[in-house]
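Remarks on the structure that follows.
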Amino acid sequence: MEKKREAQKSKDFIRQIIDRDLDTGKYGGRVHTRFPPEPNGYLHIGHATTICLNFSIAQEYGGLCNLRFDDTNPTKESEEYVRAIQEDVRWLGFDWGDRMYFASDYFEKLYEYAMELIKRGKAYVCDLSAEEIRQYRGTLTEPGRESPYRNRSVEENLRLFQEMRQGKYRDGEKVLRAKIDMASPNLNMRDPVIYRIMHVPHYRTGEKWCIYPMYDYTHCMSDSFEGITHSLCTLEFENHRPLYDWFLDELELYHPQQIEFARKNLSYTVMSKRKLGILVEKKIVRGWDDPRMPTIAGLRRRGYTPESIRMFSEKVGVSKRENTVEYALLEHCLREDLNKRAKRVMGVLRPLRVVITNYPEDKEEWLEAINNPEDPSSGVREIPFSRELYIEQSDFMEDPPKKFFRLAPGREVRLRYGYYITCQEVVKDEAGNIQEVRCTYDPQTRGGDSPDGRKVKGTLHWVSARHAVFAEVRLYEHLFIKENPEEEEDFLSAVNPDSLVVLKSCPLEPSLSEAKLGEYYQFERLGYFVLDPDSTENGLVFNRTATLRDTWAKLQKQAKGRNTKKSSKL
RNA sequence: UACCCGGUGGUGUAAUCGGUAACACAGGAGGUUUUGGUCCUCCUAUUCCAGGUUCGAGUCCUGGCCGGGUAGCCA
356 MEKKREAQKS KDFIRQIIDR DLDTGKYGGR VHTRFPPEPN GYLHIGHATT
406 ICLNFSIAQE YGGLCNLRFD DTNPTKESEE YVRAIQEDVR WLGFDWGDRM
456 YFASDYFEKL YEYAMELIKR GKAYVCDLSA EEIRQYRGTL TEPGRESPYR
506 NRSVEENLRL FQEMRQGKYR DGEKVLRAKI DMASPNLNMR DPVIYRIMHV
556 PHYRTGEKWC IYPMYDYTHC MSDSFEGITH SLCTLEFENH RPLYDWFLDE
606 LELYHPQQIE FARKNLSYTV MSKRKLGILV EKKIVRGWDD PRMPTIAGLR
656 RRGYTPESIR MFSEKVGVSK RENTVEYALL EHCLREDLNK RAKRVMGVLR
706 PLRVVITNYP EDKEEWLEAI NNPEDPSSGV REIPFSRELY IEQSDFMEDP
756 PKKFFRLAPG REVRLRYGYY ITCQEVVKDE AGNIQEVRCT YDPQTRGGDS
806 PDGRKVKGTL HWVSARHAVF AEVRLYEHLF IKENPEEEED FLSAVNPDSL
856 VVLKSCPLEP SLSEAKLGEY YQFERLGYFV LDPDSTENGL VFNRTATLRD
906 TWAKLQKQAK GRNTKKSSKL
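The numbers in my numbering rise by one with no breaks, and the one at position 490 of the first sequence is 845.
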């Protein structure tokens, strides 16, 4: 047991703290975390890493992780988000058991403890307006001033607070404040508001309340009620920790430990709910689940797997410094997962017609293809071959550069699982556009091997024209052209106008007519694809999740770069 | 010119509480290959600065510099 622990690889600072607490018996050997979203928007990949952190820590230490909705602001929250959040967490593969909680379920308890705070002389009702409170608070460099209502008697405070609850006052007329220190260098400690009046129905408690507790008060109390041991949150709450501790200490309640860590940023995207919301409102994307969005719903629709997102979360780790993780790492995790599992199929994105001139007009053959070379247990399937085929436009060049290993006049290539073919003729229209390519095949090479042992440099994917099913295919690129859109004056100016390319009528092998939602495919040599929910009985729609690594494309890019450099010198 | 927190390859994280700066991704070179995929081999590249303590500092101390957070009746 002890050895096993030593053998484990290095731990992040949070797990180190937990280890220490376990050693000292701080929480009696318990580990209990929580994921506390506010149901006011969709979860994104940043939340995903937080979810993975909290649930994984609980799993590793044999502890528990709660799902708790931090719903103390009725103007922003709704049931729709509660549902979406649950779906996302579950999809990621985590289980909160019977421990789904709502801060709103604690309202009565919270109210009673607020009364207790008043009784202990640690809270008071203040009549200052929002504007006045702001003025009294002071600034970053100057201390604040005490409210004229700060020294009301306990009895008066009790009566006033009860009246607030009873609805005797209008919004903003009064608040309940903690009585701490108006001169504290930490502005959060300058008598923060803990209850405000809002005559607004709550999506769960309805009209029952017209006063609502603030985050700082609610969060530490909720953690305490639930017996949380380690309350993980992001860096911007670091300055709030003294307040978190203050409430619990003053009320002499069970005291969890708040630990702050840095949220993860991803290159070529934005991560704030607000900015994501703008993209949706302005119809720059089709919705919160647009496959270009970094939301969990978007990534799911795009074709990312829960496993790949969990792997990503683990690989990026956790620390306290600001960061921007390269999008390439997320793609790497996706490919690593899907390379092992995705079923291989053939489809052509931009078709070029090939006619095999020495193949009989009415003949067809069904050739055996391997479903996944990485997983022998996935078996084989049959694909049809005939005289007329489609290949990828980019797999043919009339005048190819040196390292082009694909089809060109006079060249022989292999059609994957098919035959060797040799290009004999290029047919063009009057405008000079290539209409079709005419080839001959070698009947001896059925399946893709030559009995005489001769080699070909290239293997092409293809689809029999007569048997093809046609689908719409959506190709995605980064939503932004800048690595960090946040640092632009206006982040919308960095939106990538080519982030979505829609291809109509792409010929695919016939087995894809039975493609199912939620299944992962690799279109050989092209990338990973999934069926989009927009698909209907008479129209398949596929999303490209990610391309395969493409060293040929890289080479071309390099060559292009060299050429422009050369020409710019001239 | 307040308080809090950070600064390790291009990126994200490590470094057994002072002992050879490592892992992954990205990038580069090669090999294998019926996917220019996968896989394999190799390479490039790192401690913000200045002092101090020490046999020895990424780690400890002091002082700078740079970056982030904080003045909601948002969370």
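Every residue, glycine too, gets a C-beta built ideally from N, C-alpha and C.
Treat the numbers as computed from the prediction; the structure is a model and nothing was measured.
**Asked** Does the Cβ of Arg769 have 16 or more other Cβ atoms within 10 Å, making it buried, or fewer, making it exposed?
**Response** Within the first sequence, residue 769 is the residue found at index 414, counting from 1. Burial call: buried.
**Request:** Note down the Cα distance separating Glu615 from Thr589, rounded to an integer number of angstroms.
**Result:** Here residue 615 is taken as the residue at index 260 of the first sequence, counted from 1. Here residue 589 is taken as the residue at index 234 of the first sequence, counted from 1. Rounded to whole angstroms, Glu615 to Thr589 spans 5 Å at the Cα level.
**Prompt:** Can you list, in chain order, the residues of its chain whose CB lies under 6 Å from that of Leu483, leaving out five sequence neighbours each side?
**Reply:** Taking the first residue of the first sequence as position 1, residue 483 is located at position 128. So the qualifying residues of the chain are Ser502.
**Asked** So which of Ala826, Val386 and Tyr491 has the shortest CA-CA distance to Ala538?
**Response** In the first sequence, the residue the question calls residue 538 occupies position 183. For the residues Ala826, Val386 and Tyr491, the minimum Cα distance to Ala538 belongs to Tyr491.
**Request:** Count the CB pairs spanning the region 771-781 and the region 709-724 that are closer than 8 Å, and state whether there are at least three.
**Result:** yes
**Prompt:** Are three or more beta carbon pairs between the region 586-601 and the region 616-629 nearer than 8 Å?
**Reply:** yes
**Request:** Compare the Cα-Cα distances from Ser805 to each of Glu841, Arg821 and Glu767 and report the closest residue.
**Result:** Mapped onto the first sequence, residue 805 falls at position 450. Among Glu841, Arg821 and Glu767, the Cα nearest to that of Ser805 is on Glu767.
**Request:** Could you tell me how far apart the beta carbons of Leu513 and Met470 are, in whole angstroms, since I believe they sit closer than 8 Å?
**Result:** Mapped onto the first sequence, residue 513 falls at position 158. Mapped onto the first sequence, residue 470 falls at position 115. Rounded, the Cβ-Cβ distance is 7 Å, consistent with contact.
**Request:** Can you tell me which of Arg438, Leu419 and Gly802 puts its alpha carbon nearest to the alpha carbon of Ile725?
**Result:** Position 370 of the first sequence, counting from 1, holds the residue named residue 725. The shortest C-alpha separation from Ile725 is found at Gly802.
**Sheet register partners of Gly702 (DSSP bridge)** = In the first sequence, the residue the question calls residue 702 occupies position 347. Bridge partners of Gly702: Leu863.
**Request:** Assuming Tyr659 and Thr900 form a contact by the criterion Cβ under 8 Å, report the distance between their Cβ atoms to the nearest whole angstrom.
**Result:** For this step, residue 659 is matched to residue 304 along the first sequence. For this step, residue 900 is matched to residue 545 along the first sequence. The Cβ separation is near 6 Å, so the contact holds.
**Prompt:** Is DSSP giving Asp376 helix, strand or coil here?
**Reply:** As a working mapping, residue 376 is identified with position 21 in the first sequence. DSSP places Asp376 in helix when its eight states are reduced to three.
**Message:** By the DSSP assignment, the alpha helix (DSSP H) with Trp817 in it spans what residues?
**Reply:** Taking the first residue of the first sequence as position 1, residue 817 is located at position 462. Trp817 -> not in any alpha helix (DSSP H); beta strand (DSSP E) instead, spanning Trp817 to Ser819.
**Message:** Spatial neighbours of Glu432 within its chain, please: C-beta separation below 7 Å, excluding the five flanking residues on both sides.
**Reply:** Your numbering for residue 432 matches position 77 in the first sequence. Cβ neighbours of Glu432 beyond the five flanking positions: Glu393, Pro394, Asn395, Asp426 and Tyr558.
**Item:** Close beta carbons around Thr795, own chain, < 8 Å, minus the five adjacent residues each side
**Value:** Mapped onto the first sequence, residue 795 falls at position 440. Contacts found: Ile711, Thr712, Asn713, Ile776, Thr777 and Gln779.
**Request:** Spell out the partners DSSP gives Cys588 in its beta bridges.
**Result:** As a working note, residue 588 is residue 233 in the first sequence. Glu615.
**Message:** Which residue marks the beginning of the alpha helix (DSSP H) containing Lys464, and which one marks its end?
**Reply:** Locating residue 464 in the first sequence gives position 109, where the first residue counts as 1. Run containing Lys464: Phe462 to Lys474, per the alpha helix (DSSP H) assignment.
**Request:** Using 10 angstroms around the beta-carbon of Ser586, count the other beta-carbons present and answer buried if the total reaches 16, otherwise exposed.
**Result:** Walking along the first sequence from the start, residue 586 turns up at place 231. Buried.
**Request:** State yes or no: is the C-beta of Leu815 within less than 9 Å of the C-beta of Arg761?
**Result:** Numbered from 1 along the first sequence, position 460 holds the residue referred to as residue 815. Numbered from 1 along the first sequence, position 406 holds the residue referred to as residue 761. Against a cut-off of 9 Å, the Cβ pair of Arg761 and Leu815 comes out as a contact.
**Request:** Could you say if the region 786-794 and the region 820-840 meet the contact criterion of at least three C-beta pairs nearer than 8 Å?
**Result:** no
**Message:** Among the candidates Phe740, Arg551 and His822, whose CA atom is the shortest distance from the CA of Leu531?
**Reply:** Stepping through the first sequence from its first residue, residue 531 is reached at position 176. Selected option, being the one with the closest Cα: Arg551.
**Request:** Use the C-beta contact count for Met666: other C-beta atoms within 10 angstroms, 16 or more gives buried, fewer gives exposed.
**Result:** In the first sequence, the residue the question calls residue 666 occupies position 311. So Met666 counts as buried.
**Asked** What are the residues that DSSP puts in a beta bridge with Glu877?
**Response** Sequence index remark: in the first sequence, residue 877 carries index 522 (1-based). The amino acid at residue 877 is misidentified as Glu; the sequence shows Gln. Arg699 and Tyr883.
**Message:** Using the Cβ count rule (16 or more neighbours within 10 Å means buried), how would you classify Phe368?
**Reply:** Locating residue 368 in the first sequence gives position 13, counting from the first residue. Under this definition Phe368 is an exposed residue.
**Request:** Within 10 angstroms of the Cβ of Gly527, are there 16 or more other Cβ atoms? Answer buried if so, exposed if not.
**Result:** Residue 527 sits at position 172 when you count from the first residue of the first sequence. Exposed.
**Asked** When DSSP builds the beta bridges, which residues end up paired with Glu743?
**Response** In the first sequence, counting from the first residue as 1, residue 743 sits at position 388. Looking at the DSSP assignment, Glu743 forms a beta bridge with Val710.
**Message:** Please state the DSSP three-state secondary structure of Gly455.
**Reply:** Residue mapping note: residue 455 aligns to position 100 of the first sequence, counting from 1. It should be noted that the sequence gives Met, not Gly, for residue 455. Three-state DSSP puts Met455 in a strand.
**Request:** Return the chain-ordered list of same chain residues with a C-beta closer than 8 Å to the C-beta of Asp853, the five sequence neighbours on each side being excluded.
**Result:** What you label residue 853 is simply residue 498 of the first sequence in a count that begins at 1. Excluding residues within five positions, the ones whose Cβ falls inside 8 Å are Glu832.
**Message:** Rounded to whole angstroms, what is the Cα-Cα separation between Arg676 and Asn541?
**Reply:** Reading the first sequence from its first residue, position 321 is the one you call residue 676. Reading the first sequence from its first residue, position 186 is the one you call residue 541. Spanning the two alpha carbons is a distance of roughly 21 Å.
**Request:** Go through its chain and collect everything with a Cβ distance to Met356's Cβ below 6 Å, but skip five positions before and after it.
**Result:** Translated into positions along the first sequence, residue 356 becomes position 1. Annotation note: pLDDT 28 at Met356 (below 50); position unreliable, coordinate value reported separately. Correct list: empty, nothing qualifies.
**Request:** Kindly provide the ranges of any beta strand (DSSP E) runs that are 3 or more residues long and lie completely inside the region 507-578, ordered along the chain.
**Result:** 530-533, 548-552 and 566-568
**Three-state class that DSSP yields for Tyr831 in the structure shown** = Translated into positions along the first sequence, residue 831 becomes position 476. If DSSP states are grouped into helix, strand and coil, Tyr831 belongs with the strands.
**Prompt:** Just the Cα atoms here: how many angstroms apart are Ala908 and Gly642?
**Reply:** Indexing the first sequence from 1 puts residue 908 at position 553. Indexing the first sequence from 1 puts residue 642 at position 287. Rounded to whole angstroms, Ala908 to Gly642 spans 31 Å at the Cα level.
**Asked** Looking at C-beta atoms only, is the number of pairs between the region 685-697 and the region 875-888 that lie closer than 8 Å three or more?
**Response** yes
**Request:** May I have the straight-line CA-CA distance separating Ala403 from Arg629, to the nearest angstrom?
**Result:** Numbered from its first residue, the first sequence carries residue 403 at position 48. Numbered from its first residue, the first sequence carries residue 629 at position 274. Rounded to whole angstroms, Ala403 to Arg629 spans 17 Å at the Cα level.
**Prompt:** Should Leu495 be labelled buried (16 or more other beta-carbon atoms within 10 Å of its own) or exposed?
**Reply:** The residue you call residue 495 lines up with position 140 of the first sequence. Result: exposed.
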